[in-house]
Each structure stands twice: as C-alpha cells, then as structure tokens.
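Note sheet for the following structure.
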Amino acid sequence: MPHTVKRGPDGRIYVSEMNRILTLDPDAADAQASVRTVIGDLPDNRLHDNRHPLSSFVFDGNGDLLVNVGAPSDRCLDAAGKPKTDERGACVEDAATAQVRRHAYLGEGRWAEDSTVFASGLRNSIALVRHPSGTVLQAENSVDLDTPDHPYDEINVLTQGRHYGWPYCVDLTTPLPGWPARQARCNERERPIALLPPHAAPLDLIYYDGAMFPELQGRLLMTWHGFRRTAGRIVAVETDEAGRPLTDIGGRYAIYPRGALSYPAGAPSVNGKVLTPGWDKVAGRHPRGSPVTMATAPDGSIWVTDDRSRAILRIARPR
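Under the working numbering, think of the first position of the sequence shown as 344, with each following residue one higher.
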C-alpha cells in the first residue's frame, strides 16, 4: 500500500509502503529491475491492527530520512477505557510508535536500518514537509472522539527530542478523556504552532513553488481529507521566511453545508484560504471529495489524489 512518493536528492524516486521505503530509477531501461528497499521492517498492520499503518517521510538537509511511525491505537486505552501504562505511568505504546524516526544517511544511496527518535507524541504524521530553511512541519490527525467540534487537529513545528502530547493531551493543554491530569502533564508537552478544524484530517503538506499561481508562491498547501463537516477541502496558508504558518487569534473555520465556528479563545489558528470549497457535492451535506496527496506539475498546476473517487484532479487556471 504505497503512500508517499518523492524524488530524492539523487534523482531517484522514493516510495513509502506500509512496511518499507523503496527506491527506483525512473530513467532506467528496466525501472522494475532498479527497485530496491532502502529501509525495511517498518511497523505494518501486524502491529497497528489497521490503525495508522501508512508510512511517510521527508529528506532532511543532510540526506537523513525522517519517517513517520503512527500510533497503533486511538488513545492508548484498554477495553475498559483505562490507560495502558508501564511502571512509570506512561502509555505503553508511546516508546516505540507515535513518533517520527531519523534514519541516518550513510552515503552512496544507503541509510541506516537502525533509527533514533526525532520527535514523539505524534498520533499520525502522514503529513510531513521540510522547508528549505530547515523547518520541519507535521500536521496531526487528532483522536477520534464522537464530538463533532472537538478535538482540534494541529500543525506542529518538529524539534529534536520534543514530545507533542499523544495520547495524553489535545488542543493546547487539554487532557484527553481517560488520562488524568497528573498523568497527562500537558504543560510539559510541546504545544502546536496552530490549531486546525476538528476532524479536518490533514493528509498532506507541500510548499507551492509553481508559476501558474503566483499569488500562492511560498504558501503552505494542505489537504483536509476527513468525512465530517470541516473537511473535503484544499487550503493555502501564508508562511513566514522559515516556512512556519502565520496564525490568527480569534479565528474561525468554515463548516458544511454552510456557516463558520470559532476556535477556542486565545488559541492560534491558521490564516487559510480555501482553494477548493468541495466537489462531488450532495445537497444539504458536505461534499464527498476526499483529497489525499498533492504535487506541483512542471506547468505550475496542482495535482491532487482523491481516494474516494479513485481519481487524480488537476487544479489549473482556465485556458
């Protein structure tokens, strides 16, 4: 099950699957024969029980691979709704999953199979991007509570060694149901740079660098894939010189079929422009379009995969 596809600094194509990252030479006479695994034995459905098994990655500036390993559960709770903890009172799943790992570049197209933890407490880091300045952003798919307006998804600036809250905290400093405040210790966790709408389900981040839409140059594009009333959108966010999203206090977010809701008082939120208000609309409900990943084409148009319609969409100016 492939997800992320990127061209590496060496010109080869790199693809993440559930349990490995592979590479191939697109210019080879026999591209299939050029396929080889560069990182194997990543956690897959055997560990994740069909939760967050997809891997994604970005190249760091020194060639290292930063690789997502999603959490194997929603909130690290047992069947009775109690925290699954070790002798220290920490989630038993937090030490080996719910993190972004660093695989060191060894040179000559090889990476270390062993890894170190770059950042942790991240439920599912499918959406990762690195800015030329070195900033690494992650868009967090928060937990699946039944409440339509809580919890909020997030954008995080990843820093070596920081813990970003899963499964203990959501939003800014709110303990998750099931985790007492004394165990959650939310004030000790790294806060997101900005909140996103609840259940938006961000699955991809790219910086737009094409020529077709000069007004989008340098902006951070996001796909909101979720099936609830905030999702089915592609959003462009202004950034600073380091690629960090510009934020508002007291912002609002749109909901389907109409209207808008406020973010929590005092919380930073993205200042986003909706590029696509939705497609495959159903009267009185949210659209059925489900954007997943994006790419900027050579002509500057934006290609988007939609996994519900099994299609690739092209966003372009009218001819």
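Ideal Cβ positions, reconstructed from N, Cα and C, are used throughout, including at glycine.
Computed from a predicted model, the values in this text were never measured in an experiment.
Going by DSSP, what residue range makes up the alpha helix (DSSP H) through residue i?
i	result
Arg355	Counting along the chain, Arg355 falls outside any alpha helix (DSSP H), and DSSP gives it neither H nor E.
Ala527	Ala524 to Ala527
Grouping DSSP H, G and I as helix and E and B as strand, with all else coil, what is residue i?
i	result
Trp646	strand
Arg576	strand
Glu558	helix
His633	Checking the sequence, you will find Ser at residue 633 rather than His. In the structure shown, Ser633 sits in coil (DSSP, three-state: anything other than H, G, I, E or B).
Ser377	helix
Asn499	strand
His391	Residue placement at His391 cannot be trusted, given a pLDDT of 43 that sits under 50; the coordinates are not used to answer.
Between the alpha carbons of residue i and residue j, how many angstroms are there, rounded?
i	j	result
Val401	Leu409	5 Å
Ile557	Arg528	The sequence shown places Pro at residue 557, not Ile. Whole-angstrom Cα-Cα distance: 44 Å.
Glu451	Gly504	28 Å
Tyr596	Thr573	8 Å
Ser458	Leu519	29 Å
Ala423	Asp489	17 Å
Leu656	Asp583	29 Å
Arg571	Ala543	7 Å
Leu397	Thr648	16 Å
Ala374	Pro611	46 Å
Asp417	Asp487	7 Å
Pro510	Gln526	11 Å
Leu538	Thr517	13 Å
Leu480	Arg473	6 Å
Asp496	Tyr606	11 Å
Asp429	Pro475	40 Å
Leu449	Asp403	13 Å
Bridge partners of residue i, per DSSP?
i	result
Asn411	Val443
Leu480	Val472 and Val500
Asp591	Ser612
Leu420	Pro426
Tyr596	Leu604
Tyr448	Trp454
Under DSSP, the beta strand (DSSP E) around residue i begins and ends at which residues?
i	result
Ala654	Ala654 to Ile658
Ala455	That residue, Ala455, is in no beta strand (DSSP E); it is neither H nor E in DSSP.
Ile536	Counting along the chain, Ile536 falls outside any beta strand (DSSP E), and DSSP gives it neither H nor E.
Thr582	Run containing Thr582: none; DSSP gives neither H nor E here.
His616	Per the sequence presented here, residue 616 reads as Lys, with His not at that position. First-last of the beta strand (DSSP E) with Lys616: Gly615 to Thr619.
Ser605	Ala603 to Ser605
Ile549	Pro545 to Tyr550
Thr665	Since the first and last residues shown for the chain are 344 and 662, residue 665 lies out of range.
Val401	Phe400 to Phe402
Ile364	Ile364 to Leu367
Given the structure, does residue i come close to the ligand MN, in the sense that its CB is under 6 Å from one of the ligand's heavy atoms?
i	result
Glu483	By its list of ligands, the structure shown contains no ligand whatsoever, and the ligand MN lies outside what it can speak to.
Does the Cβ-Cβ distance between residue i and residue j come in under 7 Å?
i	j	result
Pro545	Trp567	yes
Arg587	Thr478	yes
Pro535	Asn499	yes
Val635	Val578	no
Val580	Leu604	no
Ser468	Asn411	yes
Ala462	Asp547	no
Gly432	Gly464	no
Ser377	Asp368	yes
Ile364	Val381	yes
Gly643	Gly569	no
Gly632	Gly575	yes
His446	Ala438	no
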